[in-house]
Every structure is written in C-alpha cells, then in structure tokens.
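Residue numbers for the sequence shown follow the working numbering, so the first one is 0 and each next one is one higher. By construction, the Cβ of each residue, glycine as well, lies at the ideal position given by its N, Cα and C atoms.
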Amino acid sequence: MKNKLCLLILILFSAGITIAENIDPQNTDNQFAYGENVGWINFEPGQTGSGVLVESDKVTGYIWGENIGWINLSPNTYGGVINDGLGHLSGFAWGENVGWINFDPDYGGVSIDINGNFSGYAWGENIGWVNFDSSELSGQGVEVCVVNYQDLATMAEQWLKSGRGWSADLYLDSNIDFQDFNILAIYWMDYCPDNWSLN
Numbered sequence: 000m001k002n003k004l005c006l007l008i009l010i011l012f013s014a015g016i017t018i019a020e021n022i023d024p025q026n027t028d029n030q031f032a033y034g035e036n037v038g039w040i041n042f043e044p045g046q047t048g049s050g051v052l053v054e055s056d057k058v059t060g061y062i063w064g065e066n067i068g069w070i071n072l073s074p075n076t077y078g079g080v081i082n083d084g085l086g087h088l089s090g091f092a093w094g095e096n097v098g099w100i101n102f103d104p105d106y107g108g109v110s111i112d113i114n115g116n117f118s119g120y121a122w123g124e125n126i127g128w129v130n131f132d133s134s135e136l137s138g139q140g141v142e143v144c145v146v147n148y149q150d151l152a153t154m155a156e157q158w159l160k161s162g163r164g165w166s167a168d169l170y171l172d173s174n175i176d177f178q179d180f181n182i183l184a185i186y187w188m189d190y191c192p193d194n195w196s197l198n
C-alpha cells in the first residue's frame, strides 16, 4: 500500500512538471538569448514540453543555460515575468545559481513585437545583461508563435475539408468550418496556445 501511494504521488508531481510552450513555432532555432557572462540561454530546452509559454498576461516556464542551469520565469515570489498584453515584459525570473533576473531594468527591458520576436535586454545582478535582440545575435533570438495572416491563409486553404489530419481542424471534429474559425478568431493576433496546429 505504501509503495502504491508513493508511486501515485510521484506520478502526480511528474505530471505537474510538464510545461506547455509556444516558442520557436517554425523550428528554426529562434529560441536563444545571450549573456556575455553566461553564454546562450535556451527558451525551448527540450521536445518534451519543457520550455516557455507566453500568454497575454504572463510568461511562464523554465529556460536553460548550459553554464548557469535552470531559470524559473514564474517563481512564487515577486510574481514572475509579466506581459502587459502589448508585449512589454516586466517582473523577475529566478535562477538558483544566478539569482534574480529583471525583465524591465533601468536602461533596458524586454519586449515582444507583433510578429512574436523578442528584443531588448534583461539584467541580473550576478550575470549582467542578457540580450534578446535577434538582429544582434547572428539571426538567433527568441520568437513566440502569434496567430496571424499565415494561420488565416491555411484556414482558407482547408475550408470545408473533412477528415483527420488537417492542421486547421482546431475544434478537433474532423471538419474545417465555423467552429474552427471561431477558435482562430479568439486567438487572432494573440499568442498561440500550446500545440497550435496551424504553425
């Protein structure tokens, strides 16, 4: 009985570790920020769901730095990293090995443009500046999935199709119709939910 209880607790805690993510929607390695003192920081460290989920009011999940370990974007203290709905980030992330990282420091700040590209700088007292600007990082940088015209074009191409396997079947009823369009409209020009099939 004791072993079964321990196993159940382990399964429940393991289920809580899996984190949704919507970073690097095109799988082009647009998932990295860079710190001069810490190296590359990965916002999509694994294909198992670990990583970062950007929403219109917050940024949650974990990022990985080979030289510094895990950084929690949503620690219980200081409220985590906040998104103001327009892409301006603020608040603090926490790394056990590096301390607090400020996403809206004086003379810096991190933002996300309407195409989902991160830019700007975060600051950590123990690590210095962390650069999110892809134009300065040899094409690297961090990109989040945004529901946009590309998704609408895919929806139009697949309109009134039926059967399994269509990426525009957002309602998951094997038909591309107004129920799917309604889901697209809800997320229009917002961040994609986890497992967004149109990108």
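In this structure, the CA atom of residue 77 is about 19 Å from the CA atom of residue 84. Between residue 62 and residue 72, the C-beta gap is smaller than 8 Å, which places the two residues in contact. When C-alpha distances from residue 164 are compared across 109, 196, 79, 20, the shortest belongs to 196. Taking the C-beta atoms as reference points, residue 119 is found nearer than 8 Å to residue 132. Taking a cut-off of 8 Å for Cβ pairs, the stretch 139-150 and the stretch 18-29 touch, as three or more such pairs fall below it.
Assignment of beta-bridge partners to residue 59 by DSSP yields 52. In this structure, residue 99 sits away from residue 70, with a CB-CB distance that is not shorter than 8 Å. Between residue 191 and residue 41, the beta carbon gap of about 19 Å keeps them out of contact (Cβ cut-off 8 Å).
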